[in-house]
Amino acid sequence: MVKTSDLLSVTATAGGSGRPDGARLPAHSVPYTAVGDDIVGELCALLFASLPRKDQRRRGEQYVRGLLTAPGRKSVRNIAAQAGGGSVVQSLHHFVCSSTWEWLPMRAALATHVERTSPPVAWVVQTLAIPKSGEHSVGVGRRFEPRLGQVTRGQHAVGVWFAAPRMSVPVNWRLLLPEHWTRDPELRRRAEVPEGLSAESLEESVVAAVLETAHGSRATRRPVVLDVPGDWARAHVLGRFARHGLPVVARTGPGTRLLVADPAMPGYGSGPLSAEQILMSVRALRRPVWWEDPEHGARRTSSATAIRVALADGGPVAGRRPLYLLGEWDDPWRPPARLWLTDVGAPANPLVRLTKMALRVSRDLTAVGDRVGLRDFEGRSFRGWHRHTTLASVAHAASLLAGISNGCASYSAAREPRLSA
């Protein structure tokens, strides 16, 4: 389990210098054509060690280099053009869509490498919407996308990102399959959906992705920031994280029903109340908190407070520490703008800064992930999607780690504080 003292140490640095007047964070990736051959080669050699054949390792490196340098959409044809075109197109297509290599060992190796070179302060979980106009790509369907606040058509995935103050890297993915995809034998056959894989709720997919990350790599347990609106205020959901030593900071809605658990606070003994009602009753306890906006590199200030709560259904959560409801206000005269449920027993200031790791992920997805093709897979198969997304995650890491190596971020991994398990 993560120690509160370690959390305080880590989040104190999450804004840069650790002082409200600290310097802005500089850009941290390098131009894609400038990612050095040695960095890409070393990273690929390390991460592709699980590939059994030399030709597979060569194709993997070609694919990653193409993701970093190909202009426009990262189709297999555009990627192959960076390696000479011609027969390379068919070879790379087979490598991604039809070969037999497993992606989970590669993701585990990536997580271990990121842990060692740029230790994360949080594991951030976010959804990824991939618009698709056709009907044949695996998993295409209509689903409410919480990050956009609307129903979108396309593929939808859950990503687990290792996030530090100056960079974040996706280390695991889970593709959400609509129910009609799992029940239709013909759709399953065409997309090569593995046997036993069934439709999942968003919450089920998030939990599965996080636990797969925890079990599949040697990375140290970090607080899990669930930047995914969902029904997290349930004992059996929180209990799964608790049993695996994973503290949670989960986004929640204003209508979530909770019990005030602190006898000294308003609402104690009143039965279930909405999260917004609870926080508004203690708004006099708000204190200013500063944090770094990674999108604009500027200091921001909001106000926040936290109050101890319990689950409204009274369900016990074995092994779980006390729960807190964290509220953050942008406008002191309005209800809280962001609400989080957490079992991390720390003051509101470091908790708010921890939640801002989600902004780092959003920024890096736009600035780096989209440019290396995280959403660009054009094939139809389940395995092909996972292999492409894994290789795009490697390219994402290569770009950011090259920036660190070149000193673009004035950053030293050796100075990055660690959370202890």
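With my numbering as the guide, the letters of the sequence shown map in order to residues -4 to 416. Where a beta carbon is used, it is the ideal one built from N, C-alpha and C, also for glycine.
For the region 55 to 64 and the region 127 to 134, state whether three or more C-beta atom pairs, one from each stretch, are separated by less than 8 Å. They do not touch, by the three-pair rule.
With DSSP as the reference, identify every bridge partner of Leu221, one or two as the case may be. Translated into the one-based positions of the sequence shown, residue 221 becomes position 226. Val120 and Ala245.
Exposed or buried, which one is Lys69 when buried takes at least 16 other CB atoms within 10 Å? Position 74 of the sequence shown, counted from the first residue, corresponds to residue 69. In summary, Lys69 is buried, with 16 or more beta-carbon neighbours lying within 10 Å of its beta-carbon over all protein chains present.
Have a look at Leu272 and Val389 and give me their C-alpha separation to the nearest angstrom. If you number the sequence shown from 1, residue 272 lands on position 277. If you number the sequence shown from 1, residue 389 lands on position 394. The amino acid at residue 272 is misidentified as Leu; the sequence shows Gln. Gln272 and Val389: Cα-Cα distance of roughly 44 Å.
Which of helix, strand or coil does DSSP assign to Trp285? For the purposes of this step, residue 285 is taken as residue 290 along the sequence shown, with counting starting at 1. DSSP places Trp285 in strand when its eight states are reduced to three.
Hey, quick one: how far does the beta strand (DSSP E) through Trp335 stretch, first residue to last? Here residue 335 is taken as the residue at index 340 of the sequence shown, counted from 1. Per DSSP, Trp335 belongs to the beta strand (DSSP E) from Arg333 to Thr337.
Nearest to Leu254 by CA position, among Val304, Ser196, Asp371 and Trp156, is which residue? Within the sequence shown, residue 254 is the residue found at index 259, counting from 1. For the residues Val304, Ser196, Asp371 and Trp156, the minimum Cα distance to Leu254 belongs to Val304.
Would you check if there are 3 or more beta carbon pairs closer than 8 Å linking the region 232 to 245 to the region 328 to 338? yes
Can you list, in chain order, the residues of its chain whose CB lies under 7 Å from that of Gly322, leaving out five sequence neighbours each side? Locating residue 322 in the sequence shown gives position 327, where the first residue counts as 1. The residues are Leu274, Ala299, Thr300, Pro331 and Leu334.
Determine whether the beta carbon atoms of Glu187 and Phe377 lie at a separation below 7 Å. Numbered from its first residue, the sequence shown carries residue 187 at position 192. Numbered from its first residue, the sequence shown carries residue 377 at position 382. Contact: yes.
How many angstroms separate the CA atom of Asn167 from the CA atom of Thr215? Residue mapping note: residue 167 aligns to position 172 of the sequence shown, counting from 1. Residue mapping note: residue 215 aligns to position 220 of the sequence shown, counting from 1. Taking the straight line from one Cα to the other gives about 15 Å.
Quick one: measure Cβ to Cβ for Val205 and Val219, integer angstroms, because I've assumed they're closer than 8 Å. Within the sequence shown, residue 205 is the residue found at index 210, counting from 1. Within the sequence shown, residue 219 is the residue found at index 224, counting from 1. Sure, about 6 Å apart at Cβ, within 8 Å.
As a quick exercise: from Phe90, Trp118, Ala194 and His108, pick the residue whose alpha carbon is nearest that of Gly421. As displayed, the chain neither begins before -4 nor continues past 416, which places residue 421 out of reach and without an answer.
Excluding the 5 residues flanking Leu87 on each side, which residues of the same chain have their C-beta closer than 7 Å to its C-beta? Position 92 of the sequence shown, counting from 1, holds the residue named residue 87. Arg54, Gln57, Tyr58, Val71, Ile74 and Ala75, listed in sequence order.
Beta-carbon contacts of Leu221 that lie in its chain and below 8 Å, excluding the five residues immediately before and after: The residue labelled residue 221 in the question sits at position 226 within the sequence shown. Hits under 8 Å: Val120, Val201, Trp227, Val243, Val244, Ala245 and Arg246.
Does the beta-carbon of Ala18 have 16 or more other beta-carbons within 10 angstroms, so that it is buried, or is it exposed? For the purposes of this step, residue 18 is taken as the residue at position 23 of the sequence shown. Because the pLDDT of Ala18 is 34, which lies under 50, any placement of that residue in the model is unreliable, and the question is left without a value.
Can you give me the C-alpha to C-alpha distance between Ala40 and Leu369, rounded to a whole angstrom? Taking the first residue of the sequence shown as position 1, residue 40 is located at position 45. Taking the first residue of the sequence shown as position 1, residue 369 is located at position 374. One C-alpha to the other measures close to 21 Å.
Any idea what DSSP makes of Tyr319, helix, strand or coil? The residue you call residue 319 lines up with position 324 of the sequence shown. Residue state, collapsed to three classes: strand.
Shortest alpha-carbon distance to Thr251 belongs to which of Pro258, Leu241, Pro267 and Met260? Stepping through the sequence shown from its first residue, residue 251 is reached at position 256. Answer by Cα proximity: Pro267.
Per DSSP, what are the beta-bridge partners of Ser297 in this structure? Position 302 of the sequence shown, counting from 1, holds the residue named residue 297. Note: Ser297 sits in a beta bridge opposite Val284.
Is the separation between the beta-carbon of Ser276 and that of Ala106 shorter than 7 Å? Locating residue 276 in the sequence shown gives position 281, counting from the first residue. Locating residue 106 in the sequence shown gives position 111, counting from the first residue. No.
Measure the beta-carbon distance from Ala393 to Leu63 and round it to whole angstroms, keeping in mind my assumption that it falls under 8 Å. For the purposes of this step, residue 393 is identified with residue 398 of the sequence shown, where counting begins at 1. For the purposes of this step, residue 63 is identified with residue 68 of the sequence shown, where counting begins at 1. Between Ala393 and Leu63, the beta carbon gap of about 6 Å places them in contact (Cβ cut-off 8 Å).
Can you give the beta carbon distance from Val83 to Met352, rounded, assuming they're within the 8 Å contact cut? Residue mapping note: residue 83 aligns to position 88 of the sequence shown, counting from 1. Residue mapping note: residue 352 aligns to position 357 of the sequence shown, counting from 1. With a Cβ gap of about 38 Å, Val83 and Met352 do not count as contacting.
Are Arg433 and Pro258 touching if we call contact CB-CB under 7 Å? Given that the chain is displayed from residue -4 to residue 416, the structure contains no residue 433 and the question cannot be resolved.
Outcome for Trp328 when other beta-carbon atoms lying within 10 angstroms are tallied against a minimum of 16: Position 333 of the sequence shown, counted from the start, is the residue given in the question as residue 328. Result: exposed.
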